[in-house]
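Trainee:
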(Lines of atoms letter the chains of each structure in order from A and count residues from 1; the text may use other names and numbers.)
(Lines give C-alpha, C1' and ligand atoms only; values in the text may rest on other atoms or scores of the structure.)
Protein backbone atom coordinates (compact mmCIF):
# COMPACT_ATOMS: atom_id res chain seq x y z
CA UNK A 1 0.00 0.00 0.00
CA UNK A 2 1.46 3.36 -1.05
CA UNK A 3 1.86 6.22 1.42
CA UNK A 4 -0.97 8.18 -0.20
CA UNK A 5 -3.26 5.15 -0.20
CA UNK A 6 -2.42 4.43 3.45
CA UNK A 7 -3.14 8.05 4.38
CA UNK A 8 -6.49 7.92 2.60
CA UNK A 9 -7.34 4.63 4.29
CA UNK A 10 -6.55 5.97 7.78
CA UNK A 11 -8.57 9.12 7.05
CA UNK A 12 -11.54 6.99 5.96
CA UNK A 13 -11.22 4.81 9.06
CA UNK A 14 -11.24 7.88 11.31
CA UNK A 15 -14.15 9.38 9.41
CA UNK A 16 -16.15 6.19 9.86
CA UNK A 17 -15.57 6.21 13.63
CA UNK A 18 -15.92 9.92 14.30
CA UNK A 19 -18.87 10.88 16.46
CA UNK A 20 -19.05 7.38 17.97
CA UNK A 21 -18.90 6.85 21.73
CA UNK A 22 -16.29 4.17 21.17
CA UNK A 23 -13.72 3.43 18.51
CA UNK A 24 -13.54 -0.20 19.57
CA UNK A 25 -15.35 -2.83 21.64
CA UNK A 26 -15.82 -2.00 25.31
CA UNK A 27 -18.33 -1.43 28.08
CA UNK A 28 -18.39 1.11 30.91
CA UNK A 29 -19.87 -1.29 33.46
CA UNK A 30 -17.22 -3.86 32.58
CA UNK A 31 -14.52 -1.20 32.98
CA UNK A 32 -15.87 -0.33 36.42
CA UNK A 33 -15.77 -4.03 37.26
CA UNK A 34 -12.10 -4.05 36.28
CA UNK A 35 -11.40 -0.99 38.41
CA UNK A 36 -13.00 -2.66 41.41
CA UNK A 37 -10.44 -5.47 41.16
CA UNK A 38 -7.32 -3.28 41.03
CA UNK A 39 -4.88 -2.98 43.91
CA UNK A 40 -5.18 0.18 45.97
CA UNK A 41 -3.75 3.23 44.22
CA UNK A 42 -2.52 6.50 45.78
CA UNK A 43 -5.22 8.94 46.84
CA UNK A 44 -4.59 11.13 43.79
CA UNK A 45 -3.28 8.60 41.27
CA UNK A 46 -1.37 9.75 38.20
CA UNK A 47 -3.22 8.23 35.26
CA UNK A 48 -2.60 7.93 31.52
CA UNK A 49 -4.93 6.53 28.84
CA UNK A 50 -2.99 5.52 25.72
CA UNK A 51 -4.88 5.33 22.44
CA UNK A 52 -7.78 7.09 24.14
CA UNK A 53 -9.90 7.72 21.04
CA UNK A 54 -12.75 10.10 21.81
CA UNK A 55 -12.40 9.41 25.50
CA UNK A 56 -14.70 6.64 26.75
CA UNK A 57 -12.01 5.29 29.06
CA UNK A 58 -10.34 8.58 29.98
CA UNK A 59 -13.60 10.21 31.03
CA UNK A 60 -14.64 7.18 33.09
CA UNK A 61 -11.25 7.16 34.84
CA UNK A 62 -11.48 10.87 35.60
CA UNK A 63 -14.93 10.41 37.12
CA UNK A 64 -13.95 7.30 39.06
CA UNK A 65 -10.76 8.62 40.62
CA UNK A 66 -11.52 12.36 40.54
CA UNK A 67 -7.93 12.76 39.45
CA UNK A 68 -6.34 14.15 36.25
CA UNK A 69 -5.99 11.80 33.30
CA UNK A 70 -3.41 12.30 30.55
CA UNK A 71 -5.20 11.14 27.38
CA UNK A 72 -3.08 10.38 24.31
CA UNK A 73 -4.21 9.67 20.76
CA UNK A 74 -2.66 10.23 17.34
CA UNK A 75 -5.91 11.51 15.82
CA UNK A 76 -6.67 15.23 16.06
CA UNK A 77 -10.31 14.38 15.29
CA UNK A 78 -10.66 12.15 18.34
CA UNK A 79 -8.73 14.52 20.61
CA UNK A 80 -11.12 17.33 19.62
CA UNK A 81 -14.09 15.06 20.35
CA UNK A 82 -12.58 14.20 23.74
CA UNK A 83 -12.22 17.87 24.59
CA UNK A 84 -15.85 18.53 23.67
CA UNK A 85 -17.10 15.55 25.69
CA UNK A 86 -15.01 16.57 28.69
CA UNK A 87 -16.52 20.05 28.54
CA UNK A 88 -20.06 18.65 28.34
CA UNK A 89 -19.40 16.51 31.43
CA UNK A 90 -17.68 19.35 33.30
CA UNK A 91 -14.46 17.33 33.38
CA UNK A 92 -12.21 19.71 31.46
CA UNK A 93 -10.11 20.31 34.56
CA UNK A 94 -9.35 16.59 34.86
CA UNK A 95 -8.47 15.78 31.23
CA UNK A 96 -5.02 16.51 29.81
CA UNK A 97 -5.37 15.78 26.07
CA UNK A 98 -2.26 15.07 24.02
CA UNK A 99 -2.26 14.46 20.28
CA UNK A 100 0.77 12.29 19.74
CA UNK A 101 2.31 8.90 19.12
CA UNK A 102 1.57 6.58 22.04
CA UNK A 103 4.68 4.59 21.12
CA UNK A 104 7.04 7.52 21.51
CA UNK A 105 6.21 8.90 24.93
CA UNK A 106 9.03 9.17 27.46
CA UNK A 107 9.52 9.77 31.16
CA UNK A 108 9.17 13.52 30.66
CA UNK A 109 5.43 12.96 30.22
CA UNK A 110 5.26 11.74 33.82
CA UNK A 111 5.51 8.67 35.98
CA UNK A 112 2.09 7.09 36.27
CA UNK A 113 0.42 4.98 38.91
CA UNK A 114 -2.16 3.65 36.42
CA UNK A 115 -1.72 3.09 32.70
CA UNK A 116 -4.93 2.29 30.82
CA UNK A 117 -5.28 1.24 27.19
CA UNK A 118 -8.28 -0.35 25.48
CA UNK A 119 -7.95 -1.96 22.07
CA UNK A 120 -4.96 0.15 21.01
CA UNK A 121 -1.76 -1.73 21.78
CA UNK A 122 -2.14 -3.88 18.65
CA UNK A 123 -0.82 -0.87 16.69
CA UNK A 124 2.53 -1.53 18.37
CA UNK A 125 2.27 -5.25 19.05
CA UNK A 126 1.51 -6.46 22.56
CA UNK A 127 5.05 -7.21 23.72
CA UNK A 128 6.66 -4.26 21.96
CA UNK A 129 4.02 -1.92 23.38
CA UNK A 130 4.53 -3.21 26.91
CA UNK A 131 8.30 -2.71 26.65
CA UNK A 132 7.80 0.86 25.41
CA UNK A 133 5.26 1.68 28.12
CA UNK A 134 6.94 0.00 31.11
CA UNK A 135 9.25 3.02 31.79
CA UNK A 136 6.20 5.28 32.10
CA UNK A 137 5.03 3.51 35.26
CA UNK A 138 5.98 4.32 38.82
CA UNK A 139 7.33 1.59 41.07
CA UNK A 140 4.69 -1.17 41.35
CA UNK A 141 2.44 0.82 39.00
CA UNK A 142 -0.60 -0.85 37.46
CA UNK A 143 -1.36 -1.30 33.77
CA UNK A 144 -4.79 -2.31 32.45
CA UNK A 145 -4.48 -3.26 28.80
CA UNK A 146 -6.94 -5.02 26.53
CA UNK A 147 -5.56 -7.13 23.71
CA UNK A 148 -7.12 -9.30 21.04
CA UNK A 149 -6.44 -12.85 22.22
CA UNK A 150 -7.20 -16.45 21.34
CA UNK A 151 -9.41 -18.10 23.96
CA UNK A 152 -8.85 -21.70 22.86
CA UNK A 153 -5.82 -23.80 21.96
CA UNK A 154 -7.06 -24.84 18.52
CA UNK A 155 -9.04 -22.05 16.87
CA UNK A 156 -10.96 -22.77 13.64
CA UNK A 157 -8.82 -22.61 10.50
CA UNK A 158 -10.96 -19.85 9.01
CA UNK A 159 -10.43 -17.66 12.06
CA UNK A 160 -6.68 -18.34 12.05
CA UNK A 161 -6.41 -17.47 8.36
CA UNK A 162 -8.32 -14.22 8.83
CA UNK A 163 -6.31 -12.99 11.82
CA UNK A 164 -2.96 -14.09 10.43
CA UNK A 165 -3.65 -11.59 7.69
CA UNK A 166 -5.29 -8.89 9.84
CA UNK A 167 -3.13 -9.17 12.97
CA UNK A 168 -0.33 -11.74 12.63
CA UNK A 169 1.06 -10.98 16.12
CA UNK A 170 -2.17 -12.04 17.82
CA UNK A 171 -1.45 -14.57 20.57
CA UNK A 172 -3.25 -16.74 23.07
CA UNK A 173 -3.84 -15.58 26.62
CA UNK A 174 -1.06 -17.91 27.79
CA UNK A 175 1.35 -16.49 25.22
CA UNK A 176 0.47 -12.93 26.21
CA UNK A 177 1.08 -13.67 29.87
CA UNK A 178 4.59 -14.84 28.95
CA UNK A 179 5.09 -11.71 26.85
CA UNK A 180 3.99 -9.52 29.76
CA UNK A 181 6.42 -11.27 32.11
CA UNK A 182 9.27 -10.73 29.63
CA UNK A 183 8.38 -7.04 29.46
CA UNK A 184 8.73 -6.29 33.16
CA UNK A 185 5.26 -7.06 34.48
CA UNK A 186 3.58 -9.60 36.69
CA UNK A 187 0.07 -10.59 35.63
CA UNK A 188 -2.40 -10.11 38.46
CA UNK A 189 -5.49 -11.30 36.60
CA UNK A 190 -7.20 -11.52 33.22
CA UNK A 191 -10.78 -10.69 32.29
CA UNK A 192 -12.54 -11.42 29.00
CA UNK A 193 -14.75 -8.71 27.55
CA UNK A 194 -18.22 -10.27 26.98
CA UNK A 195 -19.13 -10.69 23.32
CA UNK A 196 -22.31 -8.70 23.92
CA UNK A 197 -20.15 -5.60 24.52
CA UNK A 198 -18.77 -5.96 21.00
CA UNK A 199 -22.24 -5.92 19.47
CA UNK A 200 -24.22 -3.53 21.65
CA UNK A 201 -21.56 -0.85 22.16
CA UNK A 202 -19.51 -1.09 18.98
CA UNK A 203 -20.60 -3.19 16.02
CA UNK A 204 -24.30 -2.29 15.98
CA UNK A 205 -23.71 1.49 16.25
CA UNK A 206 -20.95 1.14 13.65
CA UNK A 207 -23.24 -0.72 11.28
CA UNK A 208 -25.77 2.10 11.56
CA UNK A 209 -22.97 4.53 10.77
CA UNK A 210 -21.94 2.52 7.70
CA UNK A 211 -25.51 2.61 6.40
CA UNK A 212 -25.47 6.39 6.77
CA UNK A 213 -22.08 6.61 5.09
CA UNK A 214 -23.32 4.83 1.99
CA UNK A 215 -25.70 7.72 1.28
CA UNK A 216 -23.24 10.44 2.34
CA UNK A 217 -21.94 12.64 -0.53
CA UNK A 218 -18.45 11.59 -1.56
CA UNK A 219 -17.30 15.20 -1.14
CA UNK A 220 -17.12 14.51 2.59
CA UNK A 221 -14.54 11.77 2.00
CA UNK A 222 -11.04 11.97 0.61
CA UNK A 223 -11.38 8.76 -1.38
CA UNK A 224 -14.34 6.65 -2.45
CA UNK A 225 -12.15 3.56 -2.80
CA UNK A 226 -10.71 4.03 0.71
CA UNK A 227 -14.19 4.48 2.14
CA UNK A 228 -15.38 1.29 0.47
CA UNK A 229 -12.30 -0.65 1.60
CA UNK A 230 -12.90 0.35 5.21
CA UNK A 231 -16.59 -0.60 5.02
CA UNK A 232 -15.84 -3.95 3.37
CA UNK A 233 -13.15 -4.82 5.91
CA UNK A 234 -15.35 -3.82 8.83
CA UNK A 235 -18.17 -6.01 7.51
CA UNK A 236 -15.76 -8.93 7.15
CA UNK A 237 -14.56 -8.41 10.72
CA UNK A 238 -18.14 -8.44 12.01
CA UNK A 239 -18.93 -11.63 10.11
CA UNK A 240 -15.84 -13.31 11.50
CA UNK A 241 -16.72 -12.35 15.07
CA UNK A 242 -20.29 -13.52 14.59
CA UNK A 243 -18.99 -16.95 13.60
CA UNK A 244 -16.10 -17.35 16.03
CA UNK A 245 -16.58 -15.14 19.09
CA UNK A 246 -16.18 -18.20 21.31
CA UNK A 247 -12.63 -18.59 19.95
CA UNK A 248 -11.24 -15.08 20.43
CA UNK A 249 -11.96 -11.61 21.74
CA UNK A 250 -10.53 -8.92 23.95
CA UNK A 251 -8.83 -9.96 27.15
CA UNK A 252 -8.05 -7.32 29.76
CA UNK A 253 -4.65 -7.99 31.31
CA UNK A 254 -4.20 -6.52 34.79
CA UNK A 255 -0.46 -6.01 35.13
CA UNK A 256 1.87 -4.73 37.82
CA UNK A 257 5.31 -3.31 37.11
CA UNK A 258 8.09 -5.33 38.71
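In this note's numbering, the protein residues as written are 81 to 338. Beta carbons are placed, not taken as given, at the ideal position from N, Cα and C, and that holds for glycine.
Please report how far the alpha carbon of residue 308 lies from the alpha carbon of residue 280, in whole angstroms.
Mentor: Translated into positions along the chain shown, residue 308 becomes position 228. Translated into positions along the chain shown, residue 280 becomes position 200. So the alpha carbons of these two residues sit roughly 23 angstroms apart.
Trainee: Can you list the alpha helix (DSSP H) stretches of 4 or more residues lying completely in the region 113-198, in chain order?
Mentor: Those alpha helix (DSSP H) runs which fall completely within the region 113-198 and span 4+ residues are 136-145, 156-168.
Trainee: Is DSSP giving residue 89 helix, strand or coil here?
Mentor: Within the chain shown, the letter at position 9 stands for residue 89. In this structure, residue 89 counts as helix in the three-state DSSP scheme.
Trainee: Return the CA-CA distance between residue 87 and residue 214, expressed in angstroms with no decimal places.
Mentor: Taking the first residue of the chain shown as 1, we reach residue 87 at position 7. Taking the first residue of the chain shown as 1, we reach residue 214 at position 134. Their Cα atoms are separated by approximately 30 angstroms.
Trainee: How about residue 176 and residue 148: do their beta carbons lie closer than 8 angstroms?
Mentor: The sequence position of residue 176 within the chain shown is 96, counting from 1. The sequence position of residue 148 within the chain shown is 68, counting from 1. A contact, by the Cβ cut-off of 8 angstroms.
Trainee: I'd like to know if the region 128-140 and the region 152-169 are in contact, where contact means that at least 3 CB-CB pairs between them fall below 8 angstroms.
Mentor: yes
Trainee: Please work out which residues of its chain come closer than 6 angstroms, Cβ to Cβ, to residue 226, disregarding the five sequence neighbours upstream and downstream, and give them in chain order.
Mentor: As a working note, residue 226 is residue 146 in the chain shown. The answer, listed in chain order, is 198, 199, 330, 332.
Trainee: Within the same chain, show all residues whose beta-carbon is closer than 8 angstroms to that of residue 210, passing over the 5 residues directly before and after it, in chain order.
Mentor: Along the chain shown, one-based indexing puts residue 210 at 130. Here the set comprises 201, 223, 225, 259, 260, 263, 264, 265, 335.
Trainee: Please list, in chain order, all residues of the same chain as residue 242 whose beta carbon is under 8 angstroms from its beta carbon, the five residues on each side excluded.
Mentor: Stepping through the chain shown from its first residue, residue 242 is reached at position 162. Excluding residues within five positions, the ones whose Cβ falls inside 8 angstroms are 316, 320.
Trainee: Can you list the alpha helix (DSSP H) stretches of 4 or more residues lying completely in the region 198-238, in chain order?
Mentor: Listed in chain order, they are 206-213.
Trainee: Buried or exposed for residue 174, going by 16 or more other Cβ atoms inside 10 Å?
Mentor: For this step, residue 174 is matched to residue 94 along the chain shown. Buried, since its Cβ has 16 or more Cβ neighbours within 10 Å.
Trainee: Would residue 250 and residue 230 qualify as a contact pair, given that the criterion is a beta-carbon distance under 8 angstroms?
Mentor: By one-based count along the chain shown, residue 250 stands at place 170. By one-based count along the chain shown, residue 230 stands at place 150. Yes, these two residues count as a Cβ contact at 8 angstroms.
Trainee: Could you pull out every residue in the same chain whose Cβ sits closer than 8 angstroms to the Cβ of residue 233, ignoring the five residues on either side in sequence?
Mentor: Here residue 233 refers to the residue found at position 153 of the chain shown. Around residue 233: 252.
Trainee: Could you please give the first and the last residue of the uninterrupted beta strand (DSSP E) stretch that includes residue 272?
Mentor: To locate residue 272, count along the chain shown from 1; it is residue 192. Counting along the chain, the beta strand (DSSP E) containing residue 272 begins and ends at 265-272.
Trainee: Note the first and the last residue of the continuous alpha helix (DSSP H) segment covering residue 336.
Mentor: Translated into the one-based positions of the chain shown, residue 336 becomes position 256. No alpha helix (DSSP H) holds residue 336; the beta strand (DSSP E) holding it covers 328-337.
Trainee: Identify which residue in 127, 111, 179 has its Cα closest to the Cα of residue 216.
Mentor: Numbered from its first residue, the chain shown carries residue 216 at position 136. Out of 127, 111, 179, the CA that lies nearest to the CA of residue 216 is found in 127.
Trainee: Between 255, 110, 326, 104, which lies nearest to residue 235 when the distance is taken from Cα to Cα?
Mentor: As a first step, residue 235 must be located in the chain shown, where it is residue number 155. Per the Cα distances, 326.
Trainee: Excluding the 5 residues preceding and the 5 following residue 114 in the sequence, name in chain order all residues of the same chain whose CB lies nearer than 8 angstroms to its CB.
Mentor: Along the chain shown, one-based indexing puts residue 114 at 34. Answer for residue 114: 224, 271, 332, 334, listed in chain order.
Trainee: By alpha-carbon positions, which one of 220, 169, 293, 247 ends up nearest to residue 120?
Mentor: The residue labelled residue 120 in the question sits at position 40 within the chain shown. Nearest C-alpha to residue 120: 220.
Trainee: Residue 310: buried (16+ other C-beta within 10 angstroms of its C-beta) or exposed?
Mentor: As a first step, residue 310 is located in the chain shown; it is residue number 230 there, counting from the start. By the neighbour-count rule (16 or more Cβ atoms within 10 Å), residue 310 is buried.
Trainee: Of the residues 123, 323, 144, 305, which one's Cα is nearest the Cα of residue 116?
Mentor: Here the question's residue 116 lines up with position 36 in the chain shown. With distances taken between Cα atoms, residue 116 lies closest to 144.
Trainee: Counting only the same chain and skipping the five closest in sequence on each side, list residues whose C-beta sits under 8 angstroms from that of residue 101.
Mentor: Position 21 of the chain shown, counting from 1, holds the residue named residue 101. So the qualifying residues of the chain are 134, 136, 281, 285.
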